[in-house]
Every structure is written in C-alpha cells, then in structure tokens.
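Number of protein chains: 2
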Amino acid sequence: MKRIFSLVTTLFLLGGAAQADQISSTGDLGLVVERAKGALLLVDQSEHAAVDRIEGLGDLSHASLVYSPDQRFAYVFGRDGGLSKVDIIERKVVKRVLQGGNSIGGAISDDGKLVAVSNYEPGGVRVFDADTLEMVADIPTASKTIGLVDAPGRKFVFSLWDDGETWIADFSSGKVDITKVKGMGENPYDALITEDGRTYITGLFGEDGLTALDLWAEKPEAIRVLPNYGRGLKDLPVYKMPHLEGWAKAGQEFVLPAVGHHQVLWIDSVTLKETGRTDTYGQPVFAMARPDGRYVWVNFAHPLNDTIQVIDTLTKQVVHEFKPGPAVLHMEFTPRGHEVWISVRDAGAVMIYDTRTFEKLGEIQADKPSGIFFTARAHKTGL
Amino acid sequence: MKRIFSLVTTLFLLGGAAQADQISSTGDLGLVVERAKGALLLVDQSEHAAVDRIEGLGDLSHASLVYSPDQRFAYVFGRDGGLSKVDIIERKVVKRVLQGGNSIGGAISDDGKLVAVSNYEPGGVRVFDADTLEMVADIPTASKTIGLVDAPGRKFVFSLWDDGETWIADFSSGKVDITKVKGMGENPYDALITEDGRTYITGLFGEDGLTALDLWAEKPEAIRVLPNYGRGLKDLPVYKMPHLEGWAKAGQEFVLPAVGHHQVLWIDSVTLKETGRTDTYGQPVFAMARPDGRYVWVNFAHPLNDTIQVIDTLTKQVVHEFKPGPAVLHMEFTPRGHEVWISVRDAGAVMIYDTRTFEKLGEIQADKPSGIFFTARAHKTGL
Chain A
1 MKRIFSLVTT
11 LFLLGGAAQA
21 DQISSTGDLG
31 LVVERAKGAL
41 LLVDQSEHAA
51 VDRIEGLGDL
61 SHASLVYSPD
71 QRFAYVFGRD
81 GGLSKVDIIE
91 RKVVKRVLQG
101 GNSIGGAISD
111 DGKLVAVSNY
121 EPGGVRVFDA
131 DTLEMVADIP
141 TASKTIGLVD
151 APGRKFVFSL
161 WDDGETWIAD
171 FSSGKVDITK
181 VKGMGENPYD
191 ALITEDGRTY
201 ITGLFGEDGL
211 TALDLWAEKP
221 EAIRVLPNYG
231 RGLKDLPVYK
241 MPHLEGWAKA
251 GQEFVLPAVG
261 HHQVLWIDSV
271 TLKETGRTDT
281 YGQPVFAMAR
291 PDGRYVWVNF
301 AHPLNDTIQV
311 IDTLTKQVVH
321 EFKPGPAVLH
331 MEFTPRGHEV
341 WISVRDAGAV
351 MIYDTRTFEK
361 LGEIQADKPS
371 GIFFTARAHK
381 TGL
Chain B
1 MKRIFSLVTT
11 LFLLGGAAQA
21 DQISSTGDLG
31 LVVERAKGAL
41 LLVDQSEHAA
51 VDRIEGLGDL
61 SHASLVYSPD
71 QRFAYVFGRD
81 GGLSKVDIIE
91 RKVVKRVLQG
101 GNSIGGAISD
111 DGKLVAVSNY
121 EPGGVRVFDA
131 DTLEMVADIP
141 TASKTIGLVD
151 APGRKFVFSL
161 WDDGETWIAD
171 FSSGKVDITK
181 VKGMGENPYD
191 ALITEDGRTY
201 ITGLFGEDGL
211 TALDLWAEKP
221 EAIRVLPNYG
231 RGLKDLPVYK
241 MPHLEGWAKA
251 GQEFVLPAVG
261 HHQVLWIDSV
271 TLKETGRTDT
281 YGQPVFAMAR
291 PDGRYVWVNF
301 AHPLNDTIQV
311 IDTLTKQVVH
321 EFKPGPAVLH
331 MEFTPRGHEV
341 WISVRDAGAV
351 MIYDTRTFEK
361 LGEIQADKPS
371 GIFFTARAHK
381 TGL
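First to last, the sequence lines map onto chains A and B.
The opening position of the first sequence corresponds to residue 1 in UniProt numbering, with each subsequent residue numbered one higher.
The opening position of the second sequence corresponds to residue 1 in UniProt numbering, with each subsequent residue numbered one higher.
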C-alpha cells in the first residue's frame, strides 16, 4: 500500500469512510491492540507506519482478533464480552454486539462464515454469522470455557475449566453436532491447535502434564503427554501462566515456555516427548519461531519483561539478547520472516527489527500496545 | 469482496482503472492463466466468480506468477521472456519488460523487493527491482537455468541443467554473493524448496535419484536421496516429467509423483527415505496435499488427464475418483483448504469443489485455463 498517512505528528484520520480515490490492498496490513484506549492501530508493514486508528471497541485488555478470508474485516474479542466487526478498508467499526459478560477469545471457521466466542461469564461458546453478527448457535457449558480454536471442516474446539472436558463443535452439516471428550485433566487453562489442524493440546492449571487430542481419529481420546510439564517442584512462583498459542514449530520440534522456570522446552513434534531444555533470562511468556523455524524469539514475564532472547534451533543456544524497552508484550513476524514487530507497552511504541541483523528498522508510536495481528493470519488455521 | 462483475454473459470490463467508489480487499483474490489468449482472469474466491480479465501478457504457455507482499501486484513470467507487473486493484498491466528469450519461471525475495527470472535462452538469472522492473543483477550461467526459488534471507536458489550445479545467490548485503554447489547430478530439470525454506531438492533428467541441499548448513553440499526415484526400468514411456513443485507435505511425509509409473511415492520428511507407494489411475503430474495434509489430490498426464483421484494420507488408499472434464491442468486449494479450484482446459472452465463432500460448488468460464494462483501465495516461501 502506497497511500498512507504519516504518524510523525500523531495525527490520525479518525474513523470515517475511505477517500474516494483511495486504492487499497490488504496483504501487508495489521492491527495493533491499544489496550488502555480501547482502540486498534491500523499499520502497514511495507511502510513501517501507522495508517489510522479505529476507536470505540470497549475493554481491550487481553483482546484478540481474527480476520475474514478477504482480509477486509477483523472480528475483535474484547474482555467485556464485546464482539466487534471492524472494516479495515473503511476504517471503522461496522457492527458490535455485547455477547457475553467476560469473553476470553474467539475463532473463525475455515470458510469464513462463522465466528465463535468463548466466555467465562456465562460459560459456553456462542457462534455468530460472520456477515451479520446474528447469533446462530448458543452452546452453554455450565463451565468457564477456554482454549477455543477453529479446526478444518467448519469445526470449533474448546475446553471446560471446571469439568476437564474438550468439546468438538462440528458445523459442517449446517446444524451443530457436538462430540464431548472427557478426562482431559484438572482445570485446563489454555489450548492450542497445531498448524495443520490435527492436534489439539491443552495446558492444565490443576496438575502437571498436558493433554492432546488427535482430531483425525475416528473417536478422539485424551492422550496425556509431557507428564513433567508444569510447576513441578514449585520452587519458583509463577508470575504468569505462559500462552500456549506461543508454541512454535521449529524444524521437527515444538518449542514451548516452561511454567515458572527460566527455561524453554524442546519437544519432538511426532512423539510429543521432551528432547531438551534451554535456560533463559526469565520466565518465558511467548516462544515464537521465525516462520522458517531457524530461530526462536522469547519474551519474559514481569519483572524481567524488558528483554528478548533469540535461540538458534540447531544448537539450542541463545545467540542474541537485547532490551527493546519496558514491558515487551507481544511479537509478530512478517509472514515470510524478514522482520519482527514488537509491542513495548511502557515505551508506547511498536518496534521493528530485521530478524537477521537484529538492526532496528523503525518505530511506530502506539498507546500501550499489546497484541499485533497481521492480516496474513486470515489464511492460517488456529490463529 | 462484494462488488464484482458477473461473468454470466462473458462481459468483461477490459483493463482500465478501478471505479472511484470501488472498495477492494485482496485476501481472497486469485489469477487464472488463460494460456492461449495471453490473459489473466481475476477471480474472487468468496464469490465463486470472475471479476475481470487482464490482457496483453504475451505467450503464457507454462506461465507462472508471484505476488507482492501487499497482494496488489502480480509478477508474471511468460514463456517468451516477458516479465509483466500486473496491478490487480487497477486491473491492468503496469509494466512489462522482455528480459530474455525463453523464460521458465521466477521468484520474489522474502522482503518483496527483488524479482528474479530464470532463462533457457540465454541461460542465467536476471534480478529486477520489484518496484520499477529495472535490472539490478545479471547472473549469466552459460547453461539453461532451472528450478529457481526464493529462500529466506533475501536469497534465490537455482540449478544449471548443463553443469549439474546449484547456485545460491544471496542479496542480503545489497550486492549479490554467489555460492556454487557442484555435483548435483546429471541434468537437473526442476527443483523445489520445502515450505520452511530449509531444503532444496532437484530432480534429475539424466539419471535416477534426487539431490538435496541443506540450506541451513554452513557449507551446503549435494546429498543424494531416493536413488530409485526416476524412470528406473523404463517400462513405461514418460509423457510428462512431473512438476516437483507438486511435492506435498502430508503429516510427517512428502508425497510425490513417480516418474513414468502410475504411482505416487511417500517419503519420510526427515530421512527423505521412501515409506510406501500408492497405485494411481495414470502418470501423476501434481500430487497436492490439502492444506491440513489429510488428503492428497492427484491429476494425471495425457491421455488420462480427465480424472482426479483423492488419497487418504492415513491409509494411503484412494478414497475418491471423479472426472472434472478433459485436460485437468492445475489445482489450487483455498488457503485453509475448504475448497479446491481446478483448471479444466478443454472444458473452458475452472471448477470449484468442496474438499470434504466432493460436491461441485461452482464453475467459472475461462479460455483454456492453466495455472491458478491465489493471493495467499504472497506469504509463502518458494511459491
């Protein structure tokens, strides 16, 4: 995109329709959550610049979002239960519903027709028409619901904190068809789905270990893996349970943040057995592989959250360490991995680095930035 | 994208600028090569429709194309040596150079700044500024040049038919730095790079077997793999050497078309050793995994090119077979795999199928369609 508006003077064209002569393409755009302001900053990867700010999104602490297949619309899941549909071409909120009391994330079906939201209060999952935001299914669970992801074949998968169950909601027939898997473990607190959509893995708050489901199985069953994953000897306080979405595939291994310990773990992607550990600067929050899997970038929990370490996946050694600034909350790689964009909340900026030279390429002012979401996510499963 | 133009009466708005009130997003668009006409048909995935036709592209037999990171521009590599830059928002050719006498493919660097083209006549690779199409590097090879791909870190990799060498051209420093790897084998005819950009594999016309390079190695060396891959006993004529770009990753295995035989081969993705074979209807041309890796779709060489078979990657058995029509040339999956679009040249149509029910969802008239390229390719390595 060429026609952008400079952020040099923090001047924004707030909301409003696109200019008549404006020509847009959406492949290199992204949205940055400005959590305190309840706003989204629209950014342009190629220009290293902010394009516009979209406001009026409610409580965006811990907010996340997904994109429509055409990359025109973002569906934003606010902590306050708000589900907002944002048009990034016209740069405004086009629909907004308060669908629950305490929402913690959402997903979009592989065909882009359905948007699902999971809720703490009331528990359960609600599914909406992506076009109109009218509710098409209400799936009460009588439990806090966590770890909601989309899976291939118009499915959503999520877990029940109170009951230790995972439910697979299949919308391929038009109506919802639910499969319930029991015995997932005590208090699942988060989950991920592998990039191919085959394996769903839940983290447990109430016990050590993780539980996997093979979604290709005729009848998926709970498979306990990594029995030592967790707080273990409890010799360190846990400042923040790591995000499981941060699991990275690096070559033939997954890399994941340890719980409580200053380590990342390496896991064989086929057997799901541990293959090694790397000591890190602090308690890792996100361990994210560069898209080619050659390096893993790690950020850390408070109070060590000013630092990033970069680990070589061949040697499993830390090869670079630097301090972008206070409160590094999130990282997003450009789709082919030549740059990484980093939210540094208390510096009020998103910082852009070359992933090979580590040179700083740019900085974009943002109001307490947290999650960064590039539009390339539209074409990925489970993001 | 909502504002589309119907193809019902084969009425096209030919070329010309976009309408002033038009609002575009580019995530769900694609281009279909109309080989006889020298045109590109712009299609919209979500609408199952053609949007426009872009003409004036020269000889498009065996044409391919790549996209800019913002998905606005396509770089089209014509057989006649033409390199054309097409604006899919304004729907016209914006620049065109005749850069060689007989071009056979191209690639775009991971940062989107450089476009490379490989040539039979004269041999070698030429690299162009993606913005202006001015030549920034000319790499003569004194050989037909094949198997050109982009690799992470602003690199291009290609092979020399006459000399059995692979060259790695690294543009990360600004100027070009070339590493030559000898001993790749007799007459490499095509190559692929794995999705993570780590492994480059060439097929050999002059002998059986394949040759791999580990691009993560300090000093990449030729690694001979699959010694029995090739025509072997020569008990079948080879109607068409299979496209190596068709190698598919399905779970932990690669699937690839056998040469000459009515089979696809299964290869362990780590050891690159053969793990099985599946008998097929004809000589496979493309064996393409649905993006989740659960099924592989296969089309066949003349005279059996009216048929598609679908193979289950768990059982390695053919589970579905159907005849879309005469001369099935190419298949492209939607990025998350819910649909597949198929070029049926002699039916004059692109046909759209649900990948789970196999139901036909739509059909778009096209003039002798061949390659289908969705804009999601902008964010992938080696496509």
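Think of the CB as a built atom: it goes at the ideal place given N, C-alpha and C, for glycine as much as any other residue.
| Check | Outcome |
| --- | --- |
| Report the residue from B:Ala301, B:Ala36, B:Arg377, B:Pro69 whose alpha carbon sits nearest the alpha carbon of Ala366 (chain B). | B:Ala36 |
| Check whether chain B comes within 7 Å of Ile381 (chain A), counting only Cβ atoms and requiring the distance to be less than that. | Before going further, note that residue 381 (chain A) is Thr rather than Ile in the sequence given. Chain B, which has a Cβ nearer than 7 Å to the Cβ of Thr381 (chain A), makes this yes. |
| Do you know how far the Cα of Val319 (chain A) is from the Cα of Pro303 (chain B)? | 55 Å |
| To test your reading of the DSSP string, which unbroken alpha helix (DSSP H) runs of 4 or more residues are found completely within the stretch 64 to 131 of chain A? | none |
| Looking at Thr278 (chain A) and His262 (chain A), is the spacing between their C-beta atoms short of 7 Å? | no |
| Can you list, in chain order, the residues of its chain whose CB lies under 8 Å from that of Val296 (chain A), leaving out five sequence neighbours each side? | Ala248, Ala250, Val255, Val264, Ala287, Met288, Ala289, Arg290, Val310, Ile311, Thr313 |
| Just mark Asn119 (chain B) as buried or exposed, buried being the case when its beta carbon has 16 or more other beta carbons within 10 Å. | buried |
| Chain B beta carbons: is any one of them nearer than 7 Å to that of Met1 (chain A)? | With a pLDDT of 42 at Met1 (chain A), under the threshold of 50, the predicted position of this residue should be treated as unreliable, though the coordinate-derived value follows. With 7 Å as the cut-off, Met1 (chain A) counts as an interface residue toward chain B. |
| Looking only at its own chain, which residues have a Cβ that is under 8 Å from the Cβ of Tyr322 (chain A), when we skip the five neighbours before and after it? | One detail in the question is off: residue 322 (chain A) reads as Phe in this sequence, not Tyr. Correct list, in chain order: Thr307, Ile308, Phe358. |
| Identify the continuous beta strand (DSSP E) that holds Ala366 (chain A) and give its terminal residues. | Segment: none, Ala366 (chain A) is in no beta strand (DSSP E) and carries neither H nor E. |
| Leaving out the 5 sequence neighbours to the left and right, which residues in its chain are closer than 6 Å to Phe205 (chain A) when beta-carbon positions are compared? | Asn187, Tyr189 |
| Shorter than 7 Å from the beta carbon of Val270 (chain B) to some beta carbon of chain A? | yes |
| Which residues mark the beginning and the end of the beta strand (DSSP E) in which Met331 (chain A) is found? | 328 to 333 |
| Quick check: the Cα distance between Ala130 (chain B) and Arg345 (chain A), rounded to an integer number of angstroms? | 35 Å |
| Of all the residues that make up the stretch 47 to 62 of chain B, which are near chain A by a beta-carbon distance shorter than 7 Å? | none |
| Anything in the stretch 143 to 176 of chain B with a Cβ closer than 7 Å to a Cβ of chain A? List those residues in chain order, please. | Pro152, Gly153, Ser172 |
| Taking Cβ positions only, does Asp111 (chain A) come closer than 7 Å to chain B? | yes |
| So, does the CB of Arg336 (chain A) fall closer than 7 Å to a CB anywhere in chain B? | yes |
| Pick helix, strand or coil for Asp21 (chain A), following the three-state DSSP scheme. | With a pLDDT of only 44 at Asp21 (chain A), under the threshold of 50, the placement of this residue in the model should not be trusted; the figure read from the coordinates follows. Looking at Asp21 (chain A) - three-state DSSP - the assignment turns out to be coil, as it is neither helix nor strand. |
| So which of A:Val270, A:Thr271, A:Thr355, A:Gly282 has the shortest CA-CA distance to Ile258 (chain A)? | Rather than Ile, the amino acid found at residue 258 (chain A) in this sequence is Ala. When each option's Cα is compared against that of Ala258 (chain A), the closest is A:Gly282. |
| Could you tell me whether the Cβ of Gln317 (chain B) comes closer than 7 Å to any Cβ of chain A? | no |
| What separation, rounded to the nearest whole angstrom, lies between the Cα atoms of Arg294 (chain B) and Val33 (chain B)? | 28 Å |
| Taking Val86 (chain A) as the reference, give the member of A:Lys175, A:Leu133, A:Ala349, A:Asp80 with the closest Cα. | A:Leu133 |
| Going by DSSP, what residue range makes up the beta strand (DSSP E) through His243 (chain A)? | Run containing His243 (chain A): none; DSSP gives neither H nor E here. |
| By DSSP, does Ala49 (chain A) sit in helix, in strand, or in coil? | strand |
| Using the Cα positions of Ser46 (chain B) and Ala376 (chain B), report the straight-line distance between them to the nearest angstrom. | 13 Å |
| Assign Asp268 (chain A) to one of three DSSP states: helix, strand, or coil. | strand |
| Can you tell me whether Asp196 (chain A) is buried or exposed? The criterion is at least 16 other CB atoms within 10 Å of its CB, across all chains shown. | buried |
| Could you tell me which chain E residues have their CB closer than 7 Å to the CB of Ala378 (chain A), listed as they occur along the chain? | Protein chains A and B are contained in the structure displayed, whereas chain E is not. |
| Let me know the secondary structure DSSP gives Thr375 (chain B) once reduced to three states. | helix |
| Would you mind reading off the limits of the beta strand (DSSP E) that contains His262 (chain B)? | Careful: His262 (chain B) lies outside any beta strand (DSSP E) and carries neither H nor E. |
| Using a cut-off of 8 Å between C-beta atoms, extract the partners of Asp69 (chain B) located in chain A. | With the sequence shown as reference, residue 69 (chain B) is identified as Pro, and Asp is not the correct amino acid for it. Chain A residues near Pro69 (chain B): Gly27, Asp28, Gln45, Ser46, Thr334, Pro335, Arg336. |
| Counting only Cβ pairs nearer than 9 Å, list the residues of chain A close to Arg198 (chain B). | Gly251, Asp292, Gly293, Arg294 |
| Taking a Cβ distance cut-off of 7 Å, strictly less, list which residues of the stretch 213 to 232 of chain B are near chain A, in chain order. | Trp216 |
| Taking Cβ positions, are Ile372 (chain B) and Leu361 (chain B) nearer each other than 7 Å? | no |
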